[in-house]
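> Letter by letter, the sequence shown follows residues 44 to 298 in my numbering. The beta carbon of each residue, even a glycine, is placed where N, CA and C say it ideally should be. My questions all concern the structure below.
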Amino acid sequence: MCSSAGGGSRSEHAIGILNNSPPPAIDIRRISMNESLIKLDGVSKTFSIGEEKVFALKEVDLTIKKNQFIMILGPSGSGKSTLMNLLGCLDVPSSGAIYLGEKDISQMSQDDLASIRAKKIGFVFQKFNLIPTLSALQNVSLPSVFQGKTLTEKAEMLLSFVGLQHRLNHRPTQLSGGEQQRVAIARSLINDPEIILADEPTGNLDTKTGNIVMNLLKKLHSQGKTIILVTHNPVLEKYAQRIIKIKDGKVEEKK
Ligand SMILES: Nc1ncnc2c1ncn2[C@@H]1O[C@H](COP(=O)(O)OP(=O)(O)O)[C@@H](O)[C@H]1O
Ligand SMILES: [Mg+2]
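Right, dumping it as structure tokens:
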């Protein structure tokens with residue numbers, strides 16, 4: 044089993060990791076806060092089914108700045124997951140450009156996209172997507188294994204950060220839905236991504252457990268992460284700084 048590094052609680056250490064403590068004399072994070080992190084320029088996505096064309100996204104312009112908490116809100120079939128897949132470098136647009144920082148990623152190869160995803164983006168899904176045969180600790184450390192390092196101690200600290208220090212060796216089926224989603228949040232943080240993309244993270248949870256998950260995302264936002272949350276549920280609006288509404292593949296700003 045892993046040992047704690049130095050004094051203080053595990054969750055304090057985890058927060059230290061997230062903040063890259065100790066803080067610099069000048070807060071660089073604040074200076075760069077207005078920078079554009081992701082920019083979509085006239086992005087459309089079309090799917091073909093036989094002769095038929097489905098226009099899932101139409102001419103979307105969108106700029107997401109560092110350290111924003113953004114909610115993408117829209118009914119089923121409006122294009123949320125399509126937009127999420129483009130923002131998360133899981134897919135490329137049919138036309139238009141997507142910039143991550145200065146880089147146009149819209150024409151990149153699958154391998155290059157995978158490399159960007161691994162370093163920059165943490166994913167949280169509605170159905171948790173944990174590996175059933177692995178323990179909570181192994182699930183959290185897994186993305187670091189794919190990066191050629193096994194960050195077991197950091198995984199333990201992140202599980203402590205989400206309040207699951209007593210569930211390290213439980214498998215997903217031995218955990219409640221809310222606990223599984225907290226494991227998934229810990230997993231999303233293991234490679235220290237700048238952006239957390241969450242697709243209906245409370246969709247399979249009751250209201251009370253959903254609030255715990257939302258408060259964790261809020262805490263990560265306050266610690267400098269950029270949070271992009273996709274949902275059909277307007278009740279979650281109160282957590283976000285900025286609401287983007289999507290309807291029939293078109294994006295409109297709400298606040
Ligand atoms: N791989 C695909 N092939 C064909 N049509 C698709 C595909 N993915 C999504 N669509 C269509 O694009 C539209 C938007 O889908 P989606 O982004 O999944 O919406 P949401 O996540 O808001 O429910 C829907 O009409 C859907 O049927
Ligand atoms: Mg969807």
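Given that a residue counts as buried once 16 or more other Cβ atoms are within 10 Å of its Cβ, and exposed if not, what is Gly144?
Here residue 144 refers to the residue found at position 101 when the sequence shown is read from its first residue. Exposed, because fewer than 16 other Cβ atoms sit within 10 Å of the Cβ of Gly144.
> Going by DSSP, what residue range makes up the alpha helix (DSSP H) through Ser203?
One-based indexing of the sequence shown puts residue 203 at position 160. For Ser203, the enclosing alpha helix (DSSP H) begins and ends at 195–204.
> So, helix, strand or coil for Arg210, using DSSP?
Walking along the sequence shown from the start, residue 210 turns up at place 167. Reduced to three states, the DSSP call for Arg210 is coil.
> If you count every other CB in all the chains shown that lies within 10 Å of the CB of Ser178, and 16 or more means buried, which is it?
For the purposes of this step, residue 178 is taken as the residue at position 135 of the sequence shown. Classification of Ser178: buried, given that the 10 Å Cβ count is 16 or more.
> Can you determine whether any heavy atom of ligand 2 sits closer than 8 Å to the C-beta of Lys123, and answer yes or no?
Here residue 123 corresponds to residue number 80 of the sequence shown, with the count starting at 1. The answer is yes for Lys123.
> Ends of the beta strand (DSSP E) at Lys109?
Indexing the sequence shown from 1 puts residue 109 at position 66. Counting along the chain, Lys109 falls outside any beta strand (DSSP E), and DSSP gives it neither H nor E.
> Within the 9 Å Cβ cut-off, does Arg230 reach chain D?
In summary, chain D is missing from the structure at hand, where a single protein chain is found.
> Which residues does DSSP list as the beta-bridge partners of Ile115?
One-based indexing of the sequence shown puts residue 115 at position 72. DSSP output for Ile115 lists Val273, Ile287 as bridge partner(s).
> Report yes if the CB atom of Val86 is closer than 9 Å to the CB atom of Ser149, and no otherwise.
Against the sequence shown, residue 86 aligns to sequence position 43. Against the sequence shown, residue 149 aligns to sequence position 106. Yes, they are a contact pair.
> For Ser91, which beta-bridge partners are listed by DSSP?
Reading the sequence shown from its first residue, position 48 is the one you call residue 91. DSSP lists Lys96 as partners of Ser91.
> Take Ala129 and list the residues in its own chain whose beta-carbon comes closer than 8 Å to its own, dropping the five residues that flank it on each side.
Position 86 of the sequence shown holds residue 129. Before going further, note that residue 129 is Leu rather than Ala in the sequence given. For Leu129, where only same-chain residues beyond five positions count, the Cβ hits under 8 Å are Leu83, Val86, Lys88, Leu100, Val135, Pro136, Ile141.
> Taking Gln284 and Gln111 to be in contact with their CB atoms under 8 Å, please state how far apart those CB atoms are, rounded to whole angstroms.
The residue you call residue 284 lines up with position 241 of the sequence shown. The residue you call residue 111 lines up with position 68 of the sequence shown. So it is a contact: roughly 6 Å between Cβ atoms.
> What does the alpha-carbon distance come out to for the pair Val188 and Leu194?
One-based indexing of the sequence shown puts residue 188 at position 145. One-based indexing of the sequence shown puts residue 194 at position 151. About 7 Å.
> Helix, strand or coil for Leu263, going by three-state DSSP, please let me know.
Looking up residue 263 in the sequence shown gives position 220. Reduced to three states, the DSSP call for Leu263 is helix.
> Considering only C-alpha positions, which residue in the set Lys109, Lys108, Ser121, Glu94 is nearest to Val273?
If you number the sequence shown from 1, residue 273 lands on position 230. Per the C-alpha coordinates, the member of Lys109, Lys108, Ser121, Glu94 positioned closest to Val273 is Ser121.
> Tell me the residue span of the beta strand (DSSP E) that contains Leu143.
Taking the sequence shown and counting its residues from 1, the one referred to as residue 143 is at position 100. Run containing Leu143: 138–143, per the beta strand (DSSP E) assignment.
> So, do the stretch 221–234 and the stretch 197–205 have three or more beta carbon pairs nearer to each other than 8 Å?
yes
> Quick one: is Asp155 buried, meaning 16 or more other Cβ sit within 10 Å of its Cβ, or exposed?
For the purposes of this step, residue 155 is taken as the residue at position 112 of the sequence shown. In the assembly as shown, Asp155 is an exposed residue. Its beta-carbon has fewer than 16 other beta-carbons within 10 Å.
> If you draw a straight line from the alpha carbon of Leu279 to that of Ile113, how long is it in whole angstroms?
On the sequence shown, position 236 is the one that residue 279 refers to. On the sequence shown, position 70 is the one that residue 113 refers to. Cα-Cα distance, rounded: 11 Å.
> Distance, Cα to Cα, Lys170 vs Glu95?
The residue you call residue 170 lines up with position 127 of the sequence shown. The residue you call residue 95 lines up with position 52 of the sequence shown. Spanning the two alpha carbons is a distance of roughly 30 Å.
> Once you ignore the five residues that flank Ser184 on each side, which residues in its own chain have a CB closer than 7 Å to its CB?
Here residue 184 refers to the residue found at position 141 of the sequence shown. Cβ within range, chain order: Thr193, Leu194, Thr195, Ala198, Ile233.
> Identify whether Ile164 lies in helix, strand or coil by the three-state DSSP scheme.
Counting from 1 along the sequence shown, the entry for residue 164 is found at position 121. The answer is strand: DSSP assigns Ile164 an E or B state.
> Of the residues Met257, Gly220, Asp242, Ile174, which one's Cα is nearest the Cα of Lys123?
Here residue 123 is taken as the residue at index 80 of the sequence shown, counted from 1. Comparing Cα-Cα distances from Lys123 to each of Met257, Gly220, Asp242, Ile174, the minimum goes to Asp242.
> Which same chain residues end up closer than 6 Å to Glu78 when comparing Cβ atoms and leaving out the 5 residues on each side of it in sequence?
Your numbering for residue 78 matches position 35 in the sequence shown. Result list for Glu78: Lys109, in chain order.
> For His209, count the other beta carbons within 10 Å of its own beta carbon; 16 or more makes it buried, fewer makes it exposed. Which is it?
Along the sequence shown, read from residue 1 onward, the residue named residue 209 stands at position 166. Answer is exposed; the Cβ neighbour count stays below 16.
> Pull up the distance between the alpha-carbon of Gly292 and that of Leu116, whole angstroms please.
Here residue 292 corresponds to residue number 249 of the sequence shown, with the count starting at 1. Here residue 116 corresponds to residue number 73 of the sequence shown, with the count starting at 1. Taking the straight line joining both Cα atoms gives about 12 Å.
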